[in-house]
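A.B. asks:
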Ligand SMILES: C[S@@+](CC[C@H](N)C(=O)[O-])C[C@H]1O[C@@H](n2cnc3c(N)ncnc32)[C@H](O)[C@@H]1O
């Protein structure tokens, strides 16, 4: 037996996993919005804003968007300790980790092979989250922990105060032993910053200014320490202005081979000082020849602070916005710019005031956002309408050259497919119309919902030749005869119906007949609408096992303690299981 141990983070309730119902998303056209006219032929209209709990929303998106999302940005609740005042830390942190693990697993599935996920957190959870991500994504998929400077001064009430958030970046995959993850292979370079550009200058030389324009001076010698000294690169060159022989400084060598070095000297690619007498020439890196972007550093102090984000919202809403935790558009621009290209899908499942969608929209990306709070309606909708109307002058509008266009569709989660009737039996929810029922069953049975206009029984497919038909009818033998004939020998059909009277179903080898709701009952948790981080969503603790009953001996002489007579066996009625579990939960909690 292997005694290899797994390095992992454990927490209370780690093994409790929800069986999520893949819900249907229902569009509310009254809240969807698009520009009045096309602005360019690249306008994007099928962006999605989803109002509801993101766990159910991500599950609802899973089938359609698996492997399609290039960039995910999330800014989840930081778990600052305010969520459950009456709970101990272990429970609070455990709940948070459980909540995040479920969402991360679904988010990971949505990513393209070269996709990446970017998460902002502060010191409350960032380090635990890193270990959780190592488990979900694989440690080899970790890219960076970027420090984003969020405030100028440290908080006054601390002796050592944090002024940054973590921005943890993970890739969907790394192939084999590749040096870089697949995401990094497809990342774009970061746009050059003003600070980086300011390093390029015009320097006077003995012949005047180089007509190739501003350049940056870089060392032309290599450090011989650390075994990097190369004998053949230690040779003299001739200064073209003085004619002197010049050797690399002591302990160093040139970084170019002799013929390359001589060619570059002739091409005036070295700077010998204003008067041409420098002891060691510097290599000229011309701005005109520099890469169009630059490698992103792991400290970002130039993309806006929290206070800038608040100001951006004030400009949009024209007042102090009642939203506490927005991110600056500059931060989102940097992420979107590196991790995606125009037309790619960007997802934010903790949308808040909608910064990610607003920036992705201005940068020509497609976006999906999910938000549970009412600010989905009060903040995100008006903000995105302004972006679409070209009426949001703030944030990155100028930097991206945005002038309006496109649109979004607004969705809500459909209710649970099953509900209990007055007898406590699971039945199909009355709010479901036939189309919704068929879409929901397709999702649950793993079929792609694709109703055919011409063929009444083709509601969805799992392959080219395998279809599904969902009906509330009672299927009789003649009905199945007719269906089977239409489906033919080369195709198969799953018939999900309310009931069937036909016997010997093997008579129709190309049909599989199942009854709803029976066939889906065990597949997921029904009627569970909210998996957010709230006390009411805590799982019930399992009751402690009851002591095993001692078998009664034949001549049991147990006597009643008070009468001394042989004791009568008492029938102890056990409470129903659910009640026992709940009581156990209450007992456990009231101990604190
Ligand atoms: C820190 S805010 C995000 C702010 C956002 N980055 C911005 O710039 O406005 C986190 C958001 O996640 C939302 N949220 C928390 N739990 C959620 C859940 N289970 N489903 C959907 N949204 C959730 C909260 O309502 C809150 O708006």
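In the working numbering, the protein residues as written are 1422 to 2013. Cβ coordinates follow ideal geometry from the N, Cα and C atoms, glycine included.
Under 7 Å: does the beta carbon of residue 1772 sit that close to some heavy atom of ligand 1?
C.D. replies: Here residue 1772 refers to the residue found at position 351 when the chain shown is read from its first residue. Checking every heavy atom of ligand 1 against the Cβ of residue 1772, one is found closer than 7 Å.
A.B. asks: Please say whether residue 1752 and residue 1572 have beta carbons closer to each other than 8 Å?
C.D. replies: Working through the chain shown from its first residue, we reach residue 1572 at position 151. Working through the chain shown from its first residue, we reach residue 1752 at position 331. No, they are not a contact pair.
A.B. asks: Excluding the 5 residues preceding and the 5 following residue 1554 in the sequence, name in chain order all residues of the same chain whose CB lies nearer than 6 Å to its CB.
C.D. replies: Translated into positions along the chain shown, residue 1554 becomes position 133. Around residue 1554: 1591.
A.B. asks: With a Cβ-Cβ cutoff of 8 Å, do residue 1749 and residue 1733 count as a contact?
C.D. replies: By 1-based counting over the chain shown, the position of residue 1749 is 328. By 1-based counting over the chain shown, the position of residue 1733 is 312. For residue 1749 and residue 1733, yes; Cβs fall inside 8 Å.
A.B. asks: For residue 1427, count the other beta carbons within 10 Å of its own beta carbon; 16 or more makes it buried, fewer makes it exposed. Which is it?
C.D. replies: Sequence index remark: in the chain shown, residue 1427 carries index 6 (1-based). With fewer than 16 Cβ atoms within 10 Å of its Cβ, residue 1427 is classed as exposed.
A.B. asks: Thinking residue 1847 and residue 1938 are a contact (beta carbons under 8 Å), I'd like their distance in whole angstroms, please.
C.D. replies: Locating residue 1847 in the chain shown gives position 426, where the first residue counts as 1. Locating residue 1938 in the chain shown gives position 517, where the first residue counts as 1. Yes, residue 1847 and residue 1938 are in contact; Cβ-Cβ is about 5 Å, under 8 Å.
A.B. asks: Can you pull the DSSP bridge partners for residue 1936?
C.D. replies: Your numbering for residue 1936 matches position 515 in the chain shown. Looking at the DSSP assignment, residue 1936 forms a beta bridge with 1918.
A.B. asks: Go to residue 1642, then tell me how far its beta strand (DSSP E) extends in each direction, as first and last residue.
C.D. replies: Residue numbering aside, residue 1642 sits at position 221 when the chain shown is read from its first letter. That run of the beta strand (DSSP E) goes 1642-1644.
A.B. asks: Less than 6 Å between C-beta atoms, sequence neighbours within five positions excluded: which residues of the same chain meet that for residue 1782?
C.D. replies: What you label residue 1782 is simply residue 361 of the chain shown in a count that begins at 1. Once the five neighbours on either side are set aside, the close Cβ partners of residue 1782 are 1808.
A.B. asks: Would you call residue 1534 buried or exposed, if buried means 16 or more other Cβ atoms sit within 10 Å of its Cβ?
C.D. replies: In the chain shown, the residue the question calls residue 1534 occupies position 113. Residue 1534 should be labelled exposed.
A.B. asks: Under the assumption that residue 1833 contacts residue 1449 (Cβ atoms under 8 Å), give the Cβ distance between them as a whole number of angstroms.
C.D. replies: If you number the chain shown from 1, residue 1833 lands on position 412. If you number the chain shown from 1, residue 1449 lands on position 28. Yes, they are in contact, since the Cβ atoms of residue 1833 and residue 1449 sit about 6 Å apart, within 8 Å.
A.B. asks: Is residue 1571 a contact residue of ligand 1, with contact defined as CB to any heavy atom under 7 Å?
C.D. replies: Locating residue 1571 in the chain shown gives position 150, where the first residue counts as 1. Not under cutoff, so the answer is no.
A.B. asks: Using only CA atoms, which one of 1697, 1528, 1680 lies nearest to residue 1389?
C.D. replies: Because the chain spans 1422 through 2013 in this model, residue 1389 falls outside it and cannot be assessed.
A.B. asks: Buried or exposed for residue 1864, going by 16 or more other Cβ atoms inside 10 Å?
C.D. replies: Position 443 of the chain shown, counted from the start, is the residue given in the question as residue 1864. Residue 1864 should be labelled buried.
A.B. asks: Check for me: the beta strand (DSSP E) holding residue 1896 runs from which residue to which?
C.D. replies: Within the chain shown, the letter at position 475 stands for residue 1896. Segment 1887-1896, the beta strand (DSSP E) holding residue 1896.
A.B. asks: Please determine, among 1866, 1577, 1452, 1696, the residue with the shortest C-alpha to C-alpha distance to residue 1624.
C.D. replies: Against the chain shown, residue 1624 aligns to sequence position 203. Of 1866, 1577, 1452, 1696, the residue nearest in Cα terms is 1696.
A.B. asks: Let me check you understand the geometry: is the CB of residue 1824 closer than 7 Å to at least one non-hydrogen atom of ligand 1?
C.D. replies: As a working note, residue 1824 is residue 403 in the chain shown. Because no heavy atom of ligand 1 lies under 7 Å away, the Cβ of residue 1824 does not count as near it: no.
A.B. asks: So, is residue 1552 buried or exposed, given that buried needs 16 or more other C-beta atoms within 10 angstroms?
C.D. replies: The residue you call residue 1552 lines up with position 131 of the chain shown. So residue 1552 counts as exposed.
A.B. asks: Could you give the residue range of the beta strand (DSSP E) that holds residue 1748?
C.D. replies: Residue numbering aside, residue 1748 sits at position 327 when the chain shown is read from its first letter. That residue, residue 1748, is in no beta strand (DSSP E); it is neither H nor E in DSSP.
A.B. asks: Assign residue 1739 to one of two classes, buried (16 or more other C-beta atoms within 10 Å of its C-beta) or exposed (fewer than that).
C.D. replies: Taking the chain shown and counting its residues from 1, the one referred to as residue 1739 is at position 318. Residue 1739 is exposed by the Cβ-count criterion.
A.B. asks: Does the beta-carbon of residue 1773 have 16 or more other beta-carbons within 10 angstroms, so that it is buried, or is it exposed?
C.D. replies: Counted from its first residue, the chain shown places residue 1773 at position 352. So residue 1773 counts as buried.
A.B. asks: Please find out if some non-hydrogen atom of ligand 1 comes closer than 7 Å to the beta-carbon of residue 1803.
C.D. replies: For the purposes of this step, residue 1803 is identified with residue 382 of the chain shown, where counting begins at 1. Not under cutoff, so the answer is no.
A.B. asks: Could you pull the start and end residues of the beta strand (DSSP E) that residue 1784 belongs to?
C.D. replies: Sequence index remark: in the chain shown, residue 1784 carries index 363 (1-based). Looking at the DSSP string, residue 1784 is not in any beta strand (DSSP E), and its letter there is neither H nor E.
A.B. asks: Between the Cα of residue 1705 and the Cα atoms of 1595, 1654, 1641, which residue gives the shortest distance?
C.D. replies: Counting from one through the chain shown, the residue named residue 1705 turns up at place 284. For residue 1705, the nearest C-alpha among the options comes from 1641.
A.B. asks: Counting along the chain, where does the beta strand (DSSP E) carrying residue 1563 start and finish?
C.D. replies: Counting from one through the chain shown, the residue named residue 1563 turns up at place 142. Looking at the DSSP string, the run of the beta strand (DSSP E) that includes residue 1563 is 1563-1570.
A.B. asks: Compare the Cα-Cα distances from residue 1859 to each of 1893, 1836, 1900, 1875 and report the closest residue.
C.D. replies: As a working mapping, residue 1859 is identified with position 438 in the chain shown. Minimum Cα distance to residue 1859 is reached at 1893.
A.B. asks: So the beta strand (DSSP E) residue 1662 belongs to, where does it begin and stop?
C.D. replies: Locating residue 1662 in the chain shown gives position 241, counting from the first residue. Careful: residue 1662 lies outside any beta strand (DSSP E) and carries neither H nor E.
A.B. asks: Under a Cβ-count criterion, where at least 16 other Cβ atoms within 10 Å of its own Cβ denotes burial, should residue 1481 be classed as buried or exposed?
C.D. replies: Translated into positions along the chain shown, residue 1481 becomes position 60. It is buried - the Cβ of residue 1481 has at least 16 other Cβ atoms within 10 Å.
A.B. asks: Go to residue 1592, then tell me how far its beta strand (DSSP E) extends in each direction, as first and last residue.
C.D. replies: Within the chain shown, numbered from 1, the residue matching residue 1592 stands at position 171. First-last of the beta strand (DSSP E) with residue 1592: 1585-1592.
A.B. asks: Should residue 1814 be labelled buried (16 or more other beta-carbon atoms within 10 Å of its own) or exposed?
C.D. replies: Position 393 of the chain shown, counted from the first residue, corresponds to residue 1814. With fewer than 16 Cβ atoms within 10 Å of its Cβ, residue 1814 is classed as exposed.
A.B. asks: Ordered along the chain, which non-local residues of its own chain (more than five positions away) have a Cβ less than 6 Å from that of residue 1944?
C.D. replies: Within the chain shown, numbered from 1, the residue matching residue 1944 stands at position 523. Here the set comprises 1865.
A.B. asks: Could you check where the alpha helix (DSSP H) with residue 1485 kicks off and where it finishes?
C.D. replies: Locating residue 1485 in the chain shown gives position 64, where the first residue counts as 1. Residue 1485 -> alpha helix (DSSP H) spans 1475-1486.
A.B. asks: The alpha helix (DSSP H) that contains residue 1804, what's its start and end?
C.D. replies: As a first step, residue 1804 must be located in the chain shown, where it is residue number 383. Here the alpha helix (DSSP H) through residue 1804 covers 1802-1810.
A.B. asks: Beta-carbon separation of residue 1889 and residue 1915 under 8 Å?
C.D. replies: As a working mapping, residue 1889 is identified with position 468 in the chain shown. As a working mapping, residue 1915 is identified with position 494 in the chain shown. For residue 1889 and residue 1915, yes; Cβs fall inside 8 Å.
A.B. asks: Tell me whether residue 1474, by its Cβ, gets closer than 7 Å to a heavy atom of ligand 1.
C.D. replies: Here residue 1474 refers to the residue found at position 53 when the chain shown is read from its first residue. Correct: residue 1474 has its Cβ closer than 7 Å to ligand 1.
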